Amino acid sequence: LQYNSFEDPRCEGYLEDGRTGMSPSTLKRAFLNNLFYVQGKFKALATPNDYYMALAYAIRDRLLQRWINTAAIYTAQGSRTVAYFSAEFLMGPHLGNNLINLDIYKDVEKGIAEMGLNLGELLEQEEEPGLGNGGLGRLAACYLDSLATLEIPSLGYGIRYEFGIFDQEIEDGWQVEITDKWLRFGNPWEIARPEWAVEVKLGGHTDHYVDDHGRYRIRWVPDQQVTGIPYDTPILGCQTNTANTLRLWTAEAPESFNFNAFNSGDYLGAVYEKVVSENISKVLYPNDDSSQGKKLRLTQQYFFVSCSLQDMIRILVGQELPLEKFHEKFAVQLNDTHPAIAVAELMRLLIDMHHMSWDSAWSITQRTFAYTNHTLLPEALERWPVELFGSLLPRHLEIIYELNDRFLDEVRIKFPEDDSRLSRMSLIDESGERYVRMAHLACVGSHAINGVAALHTELLKQDVLYDFYQMYPGKFQNKTNGVTPRRFMVLSNPALTELVTSKIGDTWIKNLGELQKLEAWADNPEFQQQWRQIKQANKQELAAYIQKHNGIIVDPNSIFDILAKRFHEYKRQYLDLLHIVTLYNRIKANPDIEITPRTFIFGGKAAPGYFMAKLIIKLINSVADVINRDPDVRGRLKVVFLKNYNVKLAQRIYPAADLSEQISTAGKEASGTGNMKFALNGALTIGTLDGANVEIREEVGAENFFLFGLTAEQVYAKRASGYNPMEYYNSNAELRLALDRIASGFFSHGDTELFKPLVDSLLHHDQYFLLADYQSYIDCQEQVGLAYRDQDRWTHMSILNAARMGKFSSDRSIQDYCREIWKVEPVTITLENSEVTDS
Ligand code: KOT
8 LQYNSFEDPR
18 CEGYLEDGRT
28 GMSPSTLKRA
38 FLNNLFYVQG
48 KFKALATPND
58 YYMALAYAIR
68 DRLLQRWINT
78 AAIYTAQGSR
88 TVAYFSAEFL
98 MGPHLGNNLI
108 NLDIYKDVEK
118 GIAEMGLNLG
128 ELLEQEEEPG
138 LGNGGLGRLA
148 ACYLDSLATL
158 EIPSLGYGIR
168 YEFGIFDQEI
178 EDGWQVEITD
188 KWLRFGNPWE
198 IARPEWAVEV
208 KLGGHTDHYV
218 DDHGRYRIRW
228 VPDQQVTGIP
238 YDTPILGCQT
248 NTANTLRLWT
258 AEAPESFNFN
268 AFNSGDYLGA
278 VYEKVVSENI
288 SKVLYPNDDS
298 SQGKKLRLTQ
308 QYFFVSCSLQ
318 DMIRILVGQE
328 LPLEKFHEKF
338 AVQLNDTHPA
348 IAVAELMRLL
358 IDMHHMSWDS
368 AWSITQRTFA
378 YTNHTLLPEA
388 LERWPVELFG
398 SLLPRHLEII
408 YELNDRFLDE
418 VRIKFPEDDS
428 RLSRMSLIDE
438 SGERYVRMAH
448 LACVGSHAIN
458 GVAALHTELL
468 KQDVLYDFYQ
478 MYPGKFQNKT
488 NGVTPRRFMV
498 LSNPALTELV
508 TSKIGDTWIK
518 NLGELQKLEA
528 WADNPEFQQQ
538 WRQIKQANKQ
548 ELAAYIQKHN
558 GIIVDPNSIF
568 DILAKRFHEY
578 KRQYLDLLHI
588 VTLYNRIKAN
598 PDIEITPRTF
608 IFGGKAAPGY
618 FMAKLIIKLI
628 NSVADVINRD
638 PDVRGRLKVV
648 FLKNYNVKLA
658 QRIYPAADLS
668 EQISTAGKEA
678 SGTGNMKFAL
688 NGALTIGTLD
698 GANVEIREEV
708 GAENFFLFGL
718 TAEQVYAKRA
728 SGYNPMEYYN
738 SNAELRLALD
748 RIASGFFSHG
758 DTELFKPLVD
768 SLLHHDQYFL
778 LADYQSYIDC
788 QEQVGLAYRD
798 QDRWTHMSIL
808 NAARMGKFSS
818 DRSIQDYCRE
828 IWKVEPVTIT
838 LENSEVTDS
């Protein structure tokens with residue numbers, strides 16, 4: 008990283024410049040200049056948002072030289088580039104992260120304080136860009152951070168949703184959704200690039216004809232056209248000059264398309280067309296791990312994929328490279344099947360628009376794409392009714408049919424006389440209504456297919472993608488997820504960062520494996536005490552937040568037992584509730600019973616149409632209302648639901664957690680990444696052998712992990728042999744009491760109907776094996792309570808958990824992708840290279 012300042016010894020030889028200098032005095036001047044010239048305010052009139060904006064622009068100025076140099080050097084060198092295609096990027100606020108990656112957080116904090124302001128309060132002003140639902144979108148954001156930090160040429164491509172994930176309010180215990188107007192006050196981090204707009208066709212039909220040279224050709228005659236405008240955001244790496252680009256597309260009506268309507272005087276008709284076009288990038292679909300088959304959703308997917316591929320061809324041509332080198336210039340990662348239509352779109356662009364032969368186009372396509380699968384849930388596997396698909400993308404449907412014919416021929420050769428295999432593997436599901444299977448398209452069109460944790464990849468091979476594994480064993484790889492320690496430790500847990508750095512230096516920030524050196528301190532009484540004090544202070548901060556937002560007073564000496572993630576039945580928030588109700592029942596039956604005091608904290612959103620998930624939120628709030636007011640449990644149990652769980656709130660929660668709940672049904676959670684963020688901040692995990700929990704436990708040691716529940720294999724066996732949840736209900740008195748309490752109306756003012764769907768679903772179906780795992784979970788929680796009473800032992804375990812998180816840095820994940828899938832190398836960015844820019 009280079010600094011332009013006379014005062015800073017790190018920047019000998021560089022010119023202090025009002026726009027790029029990082030000395031405290033220059034930063035202060037830039038801040039006040041922006042307040043005046045950009046916000047049009049002086050201090051007496053400025054709002055906190057004006058101050059935030061002034062600082063954001065000052066920091067953006069410091070990114071620009073790096074950003075421009077990065078682009079210039081990549082262009083000059085024609086660098087091989089990763090394009091990460093994702094319908095979601097859950098970035099979280101930019102300002103704090105940029106201060107960390109520029110390594111000027113403390114200087115800026117001090118400078119801001121000298122002006123009588125508080126940096127923390129300014130950071131709070133930033134509306135977070137919530138352009139994702141949860142794990143999948145946040146993973147994309149962590150990966151962009153690591154790509155920049157590792158100096159890998161890369162672009163993130165996605166959609167600039169006008170409304171991101173909804174804001175969650177709680178009214179009478181129920182979730183209420185409010186639109187997320189994140190762009191209301193402007194977005195200082197993006198720059199529109201209308202000069203790179205592209206056109207995207209939709210609908211209509213295809214024309215087969217013979218051209219002037221007697222060649223057979225196909226032309227797509229659309230009935231609608233939209234314009235994609237790119238908006239670029241710089242993604243700065245940590246302590247490096249590399250600033251990569253996140254390029255998000257907005258849909259607009261093309262200026263010329265409705266010329267006829269305007270000319271014929273149909274003004275309102277023409278404006279209506281404009282509104283329809285702009286709807287495409289209007290709102291993020293709020294479903295996590297499920298797919299609804301809506302046409303607008305397919306339109307969004309196709310829109311951003313087509314914009315991005317056309318943009319990449321523009322870049323290639325701009326570098327005077329032939330189209331035959333597309334796959335040498337770009338490695339495209341498909342973040343699940345949301346962008347999988349790219350396989351057919353690249354074929355169309357190469358064949359129809361650039362007149363390439365089918366075989367050449369197919370070879371380039373397969374060598375370009377790689378596909379990451381993020382889910383084992385059948386309801387999340389995307390399929391589109393053939394009719395809907397053909398009405399939007401008639402040419403792509405033809406291409407997919409042709410691909411399918413050729414692919415099924417290959418299958419026939421490898422597995423002769425096996426019709427059922429052909430119908431299982433076909434790109435078209437013809438078992439009933441006909442569907443296009445996007446996962447199959449992604450598998451056929453990619454040279455690499457990966458799961459996101461070791462167990463998940465194994466289950467893909469054995470089950471969901473079994474036929475494809477038999478067909479193409481060499482394509483399958485595992486890439487265990489990771490998280491960025493910059494946002495989820497350095498930025499969010501400064502006190503712990505400082506303690507760690509005081510012992511082992513600061514190189515762990517870019518080389519997380521070095522945390523292992525902390526093991527030497529795990530039993531040092533003084534270190535243990537410092538570690539505990541920091542956790543305690545973080546818990547006090549969260550307690551203050553809870554008091555402010557929920558009006559509930561919680562005890563920072565109690566176990567902070569936290570479950571924070573999207574609401575889904577497979578994630579089993581309800582199992583956590585059964586534990587709470589069980590403890591409550593024990594206290595009611597025996598008021599003197601000894602129980603380690605706990606604060607149960609929940610956070611998470613439910614998909615607006617997911618009735619059961621929303622009812623579970625209502626049940627948590629109802630149980631909280633009763634327990635928090637009952638004098639019998641005072642000082643022992645508290646239950647808190649924190650509304651509107653998002654990246655900002657997650658950054659407050661992880662540092663304050665003692666216990667991380669990772670309790671999904673084994674075989675259902677592909678990986679999980681919250682599990683990694685909690686452990687990195689010193690929380691212990693109670694969890695099943697699911698997703699990345701398996702690897703976390705391997706790393707931290709079985710003795711430092713609270714394991715319970717059936718294995719994935721046992722779950723399958725139980726399902727196969729006929730699972731009867733009622734047996735557990737009948738034979739387990741405490742379980743029966745807990746369920747009866749909920750059914751009885753005890754938590755619902757006597758209403759026995761309200762929670763009936765929840766109780767009935769457990770007793771009669773229990774798809775996710777809560778009752779089968781109940782006793783094991785309760786017993787394990789008993790062990791947690793006991794362990795917490797021995798604070799030295801607990802602290803020892805907590806230190807070892809953090810110390811052994813090295814594997815779960817997204818830097819490690821990205822290095823694995825670079826080496827084993829993308830075959831891409833770092834490019835060093837310097838600032839003094841005046842050959843490429845006039846700096
Ligand atoms: C959503 C719709 C369709 C297919 C997959 C999803 C999906 C999967 N959304 N989020 N995920 C999560 O992705 C994370 C990152 O890999 C995983 O850690 C997590 O287990 C998935 O549930």
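In UniProt numbering, the protein residues as written are 8 to 846.
Don't be surprised by glycine CBs; every beta carbon is placed ideally from N, CA and C.
On a predicted model such as this, the values are computed, not experimentally measured, just so you know.
Below 8 angstroms on the Cβ atoms is my guess for residue i versus residue j; work out the distance and round it to an integer in Å.
| i | j | result |
| --- | --- | --- |
| Glu668 | Leu744 | Not confirmed; about 22 angstroms, so no contact. |
| Leu498 | Asn125 | Not confirmed; about 16 angstroms, so no contact. |
| Asn248 | Asn76 | 7 angstroms |
| Asn140 | Glu95 | 6 angstroms |
| Leu582 | Ile670 | 6 angstroms |
| Ala250 | Ser284 | With a Cβ gap of about 32 angstroms, Ala250 and Ser284 do not count as contacting. |
| Val707 | Asn808 | 5 angstroms |
| Leu34 | Ala65 | 6 angstroms |
| Val312 | Ala349 | 4 angstroms |
| Gly757 | Val722 | With a Cβ gap of about 36 angstroms, Gly757 and Val722 do not count as contacting. |
| Arg579 | Thr464 | Not confirmed; about 23 angstroms, so no contact. |
| Asp665 | Asp823 | Asp665 to Asp823, Cβ: 31 angstroms. No contact. |
| Ile821 | Tyr238 | Not a contact, Cβ separation roughly 24 angstroms. |
| Ile435 | Val393 | 7 angstroms |
| Ala677 | Gln182 | Their Cβ separation, rounded to whole angstroms, is 24 angstroms, which puts Ala677 and Gln182 out of contact at 8 angstroms. |
Leaving out the 5 sequence neighbours to the left and right, which residues in its chain are closer than 8 angstroms to residue i when beta-carbon positions are compared?
| i | result |
| --- | --- |
| Trp391 | Gly300, Leu305, Tyr442, Val443 and Met445 |
| Lys725 | Leu717, Phe776 and Ala779 |
| Leu102 | Tyr59, Leu62, Ala63, Ile66, Leu129, Leu130 and Glu133 |
Once you ignore the five residues that flank residue i on each side, which residues in its own chain have a CB closer than 6 angstroms to its CB?
| i | result |
| --- | --- |
| Phe534 | Trp528 |
| Tyr378 | Leu341, Ala449, Ser453 and Ile456 |
| His215 | Ile225 |
| Tyr795 | Ile566, Thr603 and Trp801 |
| Leu97 | Gly139, Gly144, Arg145 and Ala148 |
| Met683 | Val490 and Phe815 |
By DSSP's criteria, residue i is part of a beta bridge. Which residues make up the other side?
| i | result |
| --- | --- |
| Gly458 | Asn485 |
| Phe376 | Val339 and Ser453 |
| Phe715 | Phe715 is not bridged to any residue. |
| Gly163 | Tyr91 and Leu253 |
| Trp227 | Thr213 |
| Glu259 | Thr234 |
| residue 857 | Outside the displayed span of the chain (8 to 846) sits residue 857, for which this structure offers no information. |
| Thr692 | Ser667 |
| Ser816 | Val490 |
Under 7 angstroms Cβ to Cβ from residue i, same chain only, skipping five residues before and after it: list those, please.
| i | result |
| --- | --- |
| Leu584 | Leu626, Ile627 and Val630 |
| Pro229 | Lys208, Leu209, Gly210 and Gly211 |
Under the rule that 16 or more other beta-carbon atoms within 10 Å means buried, what is residue i, buried or exposed?
| i | result |
| --- | --- |
| Asp818 | buried |
| Lys117 | exposed |
| Phe49 | exposed |
| Gln658 | buried |
| Phe495 | buried |
| Ser805 | buried |
| Thr837 | exposed |
| Ala78 | buried |
| Leu291 | buried |
| His575 | buried |
| Gly171 | buried |
| Met733 | exposed |
| Phe618 | exposed |
| Gly835 | Correcting the residue type first, residue 835 is Thr in the shown sequence and not Gly. Exposed: under 16 other Cβ atoms inside 10 Å. |
| Lys645 | buried |
| Asn488 | buried |
| Arg26 | exposed |
| Asn564 | exposed |
| Gln72 | buried |
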